[in-house]
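Enquirer: Under our numbering, the residue at position 102 of the sequence shown is numbered 84, and the numbers go up by one with no gaps.
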Amino acid sequence: MNDQIKQNIVLVGFMGAGKTTVGKELAYRLNYKFMDTDYMIEEKTATTINEIFRIHGEEYFRDLETSLLKELTRDLTGTILSTGGGIPVREENIQIMRKLGYVVYLKLSRDTMIERLKGDTKRPLLKGYDLAERVDNLLKSREAYYRKAAHDIIISDNLSKEEIVDAILSGYKKLK
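This is how it looks when you write it as structure tokens:
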């Protein structure tokens, strides 16, 4: 693995998997920066992801994600990067993320995901759908991409935030 991978951790997984929560704790423990691709896109475009989806559609949003990842390859170091749930659906993004850092897939069971996403009104891909059916369909279409992107997979259903961080750090430290 190259030196850049040793300097960054990239978190992937389904919406509600805890990438932001775990990422912030990881950043704190390692004294790294924390960055979130969804937040960065909202900052760059001065609008919400919901608005981007509503006005321009999902494909446009995926283009923004790819463009952002490419920008990050220039000088990202000492960073925990939390990614949007759909970012690995493009092969190009998988390759970029694996170059950016040590990629960890935070994996949850279907039931845990549904429980965490109940009542969520912020996520555009869940609006107007039966939640369980939508989670099933999205997970079925994304699972292979998450696995392909990941250097490590942490099954995090029954783990605390601290236990997840410990598991990630255990794999990460083996690289150093």
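Even for Gly, the Cβ is constructed at its ideal location relative to N, Cα and C.
Under the three-state reduction of DSSP, which class applies to S64: helix, strand or coil?
Expert: The answer is strand: DSSP assigns S64 an E or B state.
Enquirer: Excluding sequence positions up to five away, which residues of its chain have a Cβ less than 7 Å from the Cβ of D139?
Expert: These residues qualify, in order along the chain: L90, S91, T94.
Enquirer: What is the DSSP secondary structure of Y14, reduced to helix, strand or coil?
Expert: The answer is coil: DSSP assigns Y14 none of H, G, I, E or B.
Enquirer: Measure from the C-beta of L54 to each C-beta in chain B and report whether the shortest distance is under 8 Å.
Expert: Considering every chain present, this structure includes no chain B. It has just one protein chain.
Enquirer: Taking V85 as the reference, give the member of E40, G5, T30 with the closest Cα.
Expert: It is G5.
Enquirer: Which of helix, strand or coil does DSSP assign to N(-10)?
Expert: It is a strand residue.
Enquirer: Alpha carbon to alpha carbon, how far is D134 from A28?
Expert: Their backbone Cα atoms lie some 34 Å apart in a straight line.
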